[in-house]
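The sequence shown lines up with residues 1 to 160 when you count with my numbering. Okay, so here's the structure we're looking at.
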Amino acid sequence: MSANVIEAGMDVKVHYKGTLPENGEVFDSSEGKDPLKFTVGKGQMIRGFEEELIGAALGDKKTFTLTADRAYGERDEEAILQIPRSQFAQLEEQTTLEVGFQLVAQMPHGPAPFTVCNLSNETVTADFNHALAGKDLTFEVEVVEVTPASSGCGDPTCGC
């Protein structure tokens, strides 16, 4: 295969725009920013995004739509939890909680972002689903650089 054709293990830089196909709303874009850099097959991107780029070449422009199962997955109702409001006492000393707030819970496995989706006097309903879970996503992508995989970022503490 040509050195300019994307395959697993290669470092890739792309410019992209992600939209919701039902209304065209842009949810992410590299416009006005450096291109997005990642190593294909390392799990740094959503699975479907990487799969769609395999076989693309330097300079290619592609538009593709990922179904929810190939993007951030379907919504999981078990990821919506009732948390005692008392656990937010320290935060509520500084601000007033509101529906729609995006917060991060410190869990044993690391930080877990969630959205406040309901409030009562006793509980906070926290949705730990990714904001784009359950949604199909359309991407417009331009491949701007393809290189063989690097041997890491140079940071000895990184583990890459």
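Glycine residues also receive a C-beta, built at the ideal position from the N, C-alpha and C atoms.
Rounded straight-line distance, which links the Cα of Pro108 to that of Pro156: The pLDDT assigned to Pro156 is 48, lower than 50, so where the model puts this residue is not dependable, and the model offers no usable value.
Per DSSP, the bridge partner or partners of Ser29: For Ser29, the beta-bridge partners assigned by DSSP are Lys17.
Gly18 and Asp28 closer than 8 Å at C-beta: It is a contact, given that the beta carbons lie within the stated cut-off.
When Lys135, Gly9, Glu122 are compared against Gly41, the one with the closest alpha-carbon: Minimum Cα distance to Gly41 is reached at Gly9.
Alpha carbon of Leu20 to alpha carbon of Gln106, nearest angstrom: Cα-Cα distance, rounded: 30 Å.
Nearest-angstrom Cα separation, counted from Ile46 out to Phe128: Rounded to the nearest angstrom, the two C-alpha atoms are 17 Å apart.
Nearest candidate by alpha-carbon position, reference Ala57, set Thr138, Phe139, Glu7: It is Glu7.
Between the CA atoms of Glu31 and Val143 - distance to the nearest angstrom: Cα-Cα distance, rounded: 14 Å.
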